[in-house]
Amino acid sequence: MSTQQNEGDLLIKPSSTDHPLYEPLVEACKTVYDPEIPVNIFDLGLIYTITVADEGKVGVIMTLTAPGCPVAGEMPGWVSDAMSAVPGVQSVDVEMTFDPQWGMDMMSDEARLELGFM
Numbered sequence: 001m002s003t004q005q006n007e008g009d010l011l012i013k014p015s016s017t018d019h020p021l022y023e024p025l026v027e028a029c030k031t032v033y034d035p036e037i038p039v040n041i042f043d044l045g046l047i048y049t050i051t052v053a054d055e056g057k058v059g060v061i062m063t064l065t066a067p068g069c070p071v072a073g074e075m076p077g078w079v080s081d082a083m084s085a086v087p088g089v090q091s092v093d094v095e096m097t098f099d100p101q102w103g104m105d106m107m108s109d110e111a112r113l114e115l116g117f118m
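Those letters in the sequence shown? Residues 1 to 118, by the UniProt record's numbering.
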């Protein structure tokens, strides 16, 4: 099976923004921080996709600021734990990706301001 990207393909799968659990899941993500950066992982742009299927099954595609991040093995568990606490969530599957690679342009304006980039 080929995973080759074609011109016009989305690099990041769309989130389930119209699902009622989406905003509470985003808020849960905002409670998780990279210990080396004083900004939550959602505003840092590390959460690429949040999907919500029937029965409260949540899928997350996320990245790290760098593949060698010291908390690479722990961060998906932190995200899963935070999201699992949201009422209505039955399960959380966190997938790590480095495609596309994270860049500073993925940060929210709030994160840029907090880190002194604005």
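Just so you know, even glycine gets a beta-carbon here, dropped at the ideal spot from N, CA and C.
The model shown is predicted, which means the values in this text are computed figures rather than measured ones.
Assigned secondary structure, residue i (DSSP; H/G/I helix, E/B strand, else coil)
| i | result |
| --- | --- |
| G56 | helix |
| Q5 | The pLDDT assigned to Q5 is 47, lower than 50, so where the model puts this residue is not dependable; a value taken from the coordinates is nonetheless given after this. Three-state DSSP puts Q5 in coil, outside helix and strand. |
| I12 | coil |
| I37 | coil |
7 Å CB neighbourhood of residue i in its chain, flanking five on each side removed
| i | result |
| --- | --- |
| A16 | Note on residue identity: the sequence assigns Ser, not Ala, to residue 16. Cβ neighbours of S16 beyond the five flanking positions: Y22, I50, T51, V52. |
| V32 | N40, I41, W78, V79, A82 |
| E114 | P38, V39 |
| A72 | L64 |
Cβ pair residue i, residue j closer than 8 Å
| i | j | result |
| --- | --- | --- |
| M75 | A28 | no |
| M106 | G68 | no |
Expected contact under 8 Å - CB spacing of residue i and residue j to nearest Å
| i | j | result |
| --- | --- | --- |
| S108 | D43 | 4 Å |
| F117 | M104 | 7 Å |
Contacts around residue i, its chain only, beta-carbon distance under 8 Å, and the 5 residues preceding and following it disregarded
| i | result |
| --- | --- |
| I12 | Y48, T49, I61, P100 |
| V89 | L21, L25, G56, V58, M83 |
Residues of its chain near residue i, where Cβ-Cβ distance is below 6 Å and the 5 sequence neighbours each way are ignored
| i | result |
| --- | --- |
| G93 | Looking at the sequence shown, residue 93 is not Gly but Asp. G59. |
* To do: Counting only runs of 3+ residues fully inside the stretch 68-118, write out the beta strand (DSSP E) ranges in chain order.
  => 91-96
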